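Chemist: Below are the structure tokens for one structure; questions will follow.
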């Protein structure tokens, strides 16, 4: 069960100063930096140690490497055509980039920021996620209604798993992969130990973004978010979100959920304990993907119109956000 954050009250100015120093005060959120990257950034991923973020630039066929301490691009890595999804291995040594136009995955050696391998996958490959042990990467192939399973030691596809109709996004937790099938309104659950489908969960129309913890998965269907109990693979709640398009990311502690409002150029922050909106932050036009650092302190969101990455900082209620 997730811990609830404190309730925000309407109070006087004098009391506000006292509340700011009181333990247990609600976290605060702010956009603390905006980083120029390449043309049409689609998705973003964060290294496990939080030191680097990677953004796929679909219009430039490249990946921008961002130093999160300075919020500056330190390298630009050429990849395949139309890069979209990206994920970083748990040890941080490799980043996996889906090149939708080329039907390939580029494997970036993060020590040298060079492409170490290129792996053929399926048609309209879009999203990628890496297993908790780093042994496999999973890629959605929309047209073929499959997921390619990549052995990360050999950089080869070792299995192809049939899923629902037109899978577009996926997420992993410690034991399973959750795949959103946009054309048949389901989520396919793949057991990572056996690489087999163990369940299919009905959700609302045209599911897209998905993010997961060890307890719950969150699936976006337009302006609705479904909450899935991963122990029973059932939808236990739904709630409304701003906009109808954009990514979603939940912190590892399960205490903060970020949902992109692409049409509004914003990221909405939710409290998963109550499924209530906490705040909305402007991040730039046609916002797309969002990712969180492992410690939950920062989130990063893409602006496809502005060619930027917004850095969102979460601070405890008794802390001061950096300026």
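Residue numbers (the working numbering): 2 to 324.
The C-beta atom is built at its ideal place from N, Cα and C for all residues, glycine as well.
All values reported here derive from a predicted model rather than from experimental measurement.
So, at 6 Å on beta carbons, what are the nonlocal neighbours of residue 37 in its own chain, with the 5 sequence-adjacent residues on each side left out?
Modeler: The residue labelled residue 37 in the question sits at position 36 within the chain shown. Closer than 6 Å at Cβ, skipping near neighbours: 309.
Chemist: Work out the CA separation of residue 268 and residue 91 for me, nearest whole Å.
Modeler: As a working mapping, residue 91 is identified with position 90 in the chain shown. As a working mapping, residue 268 is identified with position 267 in the chain shown. Using only the alpha carbons, I get a separation of about 26 Å.
Chemist: DSSP state of residue 268, grouped into three classes?
Modeler: For the purposes of this step, residue 268 is identified with residue 267 of the chain shown, where counting begins at 1. Here residue 268 sits in strand by DSSP.
Chemist: Short of 6 Å in beta carbon distance, which residues of its chain neighbour residue 248, apart from the five on each side in sequence? Order them along the chain.
Modeler: Looking up residue 248 in the chain shown gives position 247. The answer, listed in chain order, is 210, 261, 290, 291.
Chemist: How many angstroms separate the CA atom of residue 184 from the CA atom of residue 26?
Modeler: Residue numbering aside, residue 184 sits at position 183 when the chain shown is read from its first letter. Residue numbering aside, residue 26 sits at position 25 when the chain shown is read from its first letter. Spanning the two alpha carbons is a distance of roughly 43 Å.
Chemist: Per DSSP, which residues does residue 197 bridge with? Please list them.
Modeler: Here the question's residue 197 lines up with position 196 in the chain shown. According to DSSP, which records beta bridges pairwise, residue 197 is partnered with 192.
Chemist: Using the Cα positions of residue 78 and residue 116, report the straight-line distance between them to the nearest angstrom.
Modeler: Locating residue 78 in the chain shown gives position 77, where the first residue counts as 1. Locating residue 116 in the chain shown gives position 115, where the first residue counts as 1. Going by the C-alpha atoms only, they are around 8 Å apart.
Chemist: Judging by CA-CA distance, which residue of 52, 138, 253 is the nearest neighbour of residue 152?
Modeler: Translated into the one-based positions of the chain shown, residue 152 becomes position 151. With distances taken between Cα atoms, residue 152 lies closest to 138.
Chemist: Buried or exposed, going by whether 16 or more other CB atoms sit within 10 Å of the CB of residue 342?
Modeler: Examination of residue 342 is not possible in this model, given that the chain is present from 2 through 324 alone.
Chemist: Under a three-way DSSP split, which group does residue 145 fall into?
Modeler: Against the chain shown, residue 145 aligns to sequence position 144. Coil.
Chemist: Where does residue 308 sit, in a helix, a strand or coil, going by DSSP?
Modeler: As a working mapping, residue 308 is identified with position 307 in the chain shown. Correct three-state label for residue 308: coil.
Chemist: Any idea if residue 40 is buried or exposed, counting beta-carbon neighbours within 10 angstroms, 16 or more meaning buried?
Modeler: By one-based count along the chain shown, residue 40 stands at place 39. Exposed, since its Cβ has fewer than 16 Cβ neighbours within 10 Å.
Chemist: Below 8 Å on the Cβ atoms is my guess for residue 186 versus residue 240; work out the distance and round it to an integer in Å.
Modeler: The count along the chain shown starts at 1 and reaches residue 186 at position 185. The count along the chain shown starts at 1 and reaches residue 240 at position 239. Between residue 240 and residue 186 the Cβ distance is about 18 Å, and since that is not below 8 Å, they are no contact.
Chemist: Using CA coordinates, which residue listed in 274, 273, 284, 257 is at the minimum distance from residue 298?
Modeler: Numbered from its first residue, the chain shown carries residue 298 at position 297. Ranking 274, 273, 284, 257 by Cα distance to residue 298 puts 257 first.
Chemist: Identify the residues that DSSP records as bridge partners of residue 218: which are they?
Modeler: As a position in the chain shown, residue 218 is number 217, starting the count at 1. Bridge partners of residue 218: 213, 229.
Chemist: How long is the line joining the alpha carbons of residue 178 and residue 215, rounded to whole angstroms?
Modeler: By one-based count along the chain shown, residue 178 stands at place 177. By one-based count along the chain shown, residue 215 stands at place 214. Using only the alpha carbons, I get a separation of about 11 Å.
Chemist: Give the single residue among 109, 136, 84 whose Cα lies nearest to the Cα of residue 127.
Modeler: Along the chain shown, read from residue 1 onward, the residue named residue 127 stands at position 126. Answer by Cα proximity: 84.
Chemist: Going by the CB atoms, is the gap between residue 218 and residue 172 shorter than 8 Å?
Modeler: One-based indexing of the chain shown puts residue 172 at position 171. One-based indexing of the chain shown puts residue 218 at position 217. Contact: yes.
Chemist: If you measure from the CB of residue 152, is any heavy atom of the ligand ADP nearer than 7 Å?
Modeler: No copy of the ligand ADP appears in this structure; indeed no ligand is present at all.
Chemist: Could you tell me if residue 124 is buried or exposed, where buried requires 16 or more neighbouring beta carbons within 10 angstroms of its beta carbon?
Modeler: Position 123 of the chain shown, counted from the start, is the residue given in the question as residue 124. Residue 124 is exposed by the Cβ-count criterion.
Chemist: Give the DSSP bridge partners of residue 177, in chain order.
Modeler: By 1-based counting over the chain shown, the position of residue 177 is 176. 192, per the DSSP bridge assignment.
Chemist: Do residue 109 and residue 98 have their CB atoms nearer than 8 Å?
Modeler: Along the chain shown, read from residue 1 onward, the residue named residue 109 stands at position 108. Along the chain shown, read from residue 1 onward, the residue named residue 98 stands at position 97. Yes, the pair counts as a contact, with Cβ atoms nearer than the cut-off.
Chemist: Closer than 7 Å by C-beta to residue 28: which residues in its own chain qualify, once you throw out the five before and the five after it? Chain order, please.
Modeler: Within the chain shown, numbered from 1, the residue matching residue 28 stands at position 27. Same-chain partners within the cutoff: 6, 315, 316, 317, 318.
Chemist: With C-beta atoms as the reference, is residue 160 less than 8 Å away from residue 144?
Modeler: Counted from its first residue, the chain shown places residue 160 at position 159. Counted from its first residue, the chain shown places residue 144 at position 143. It is not a contact, given that the beta carbons lie outside the stated cut-off.
Chemist: Give every residue of the same chain whose Cβ lies closer than 6 Å to the Cβ of residue 280, excluding the five residues on either side of it in the sequence, and list them in chain order.
Modeler: Your numbering for residue 280 matches position 279 in the chain shown. The answer, listed in chain order, is 30, 270.
Chemist: Which of helix, strand or coil does DSSP assign to residue 86?
Modeler: By one-based count along the chain shown, residue 86 stands at place 85. Of the three classes helix, strand and coil, the one that applies to residue 86 here is strand, per DSSP.
Chemist: Tell me the start and end of each unbroken beta strand (DSSP E) in the region 45–108 that is at least 3 residues and wholly inside, in chain order.
Modeler: The region 45–108 contains these whole beta strand (DSSP E) runs: 53–58, 63–68, 73–79, 84–89, 95–100.
Chemist: Using only the alpha-carbon positions, how far apart do residue 283 and residue 264 sit?
Modeler: Residue numbering aside, residue 283 sits at position 282 when the chain shown is read from its first letter. Residue numbering aside, residue 264 sits at position 263 when the chain shown is read from its first letter. C-alpha separation (whole angstroms): 11 Å.
Chemist: Taking residue 176 as the reference, give the member of 168, 155, 164, 199 with the closest Cα.
Modeler: Counting from one through the chain shown, the residue named residue 176 turns up at place 175. It is 199 whose Cα lies nearest to the Cα of residue 176.
Chemist: Report buried or exposed for residue 206, applying the criterion of at least 16 other Cβ atoms within 10 angstroms of its Cβ.
Modeler: Here the question's residue 206 lines up with position 205 in the chain shown. It is exposed - the Cβ of residue 206 has fewer than 16 other Cβ atoms within 10 Å.
Chemist: Sort out for me which residues DSSP pairs residue 258 with in a bridge.
Modeler: As a position in the chain shown, residue 258 is number 257, starting the count at 1. Answer is 251, 271, bridged to residue 258.
Chemist: So residue 204 packs on residue 180, CB below 8 Å; how close in whole Å?
Modeler: As a position in the chain shown, residue 204 is number 203, starting the count at 1. As a position in the chain shown, residue 180 is number 179, starting the count at 1. Not quite, the Cβ-Cβ distance comes to about 11 Å (not below 8 Å), so this is no contact.
Chemist: Are residue 120 and residue 105 closer than 8 Å when you measure CB to CB?
Modeler: Looking up residue 120 in the chain shown gives position 119. Looking up residue 105 in the chain shown gives position 104. Against a cut-off of 8 Å, the Cβ pair of residue 105 and residue 120 comes out as a contact.
Chemist: So, is residue 272 buried or exposed, given that buried needs 16 or more other C-beta atoms within 10 angstroms?
Modeler: By one-based count along the chain shown, residue 272 stands at place 271. Under this definition residue 272 is a buried residue.
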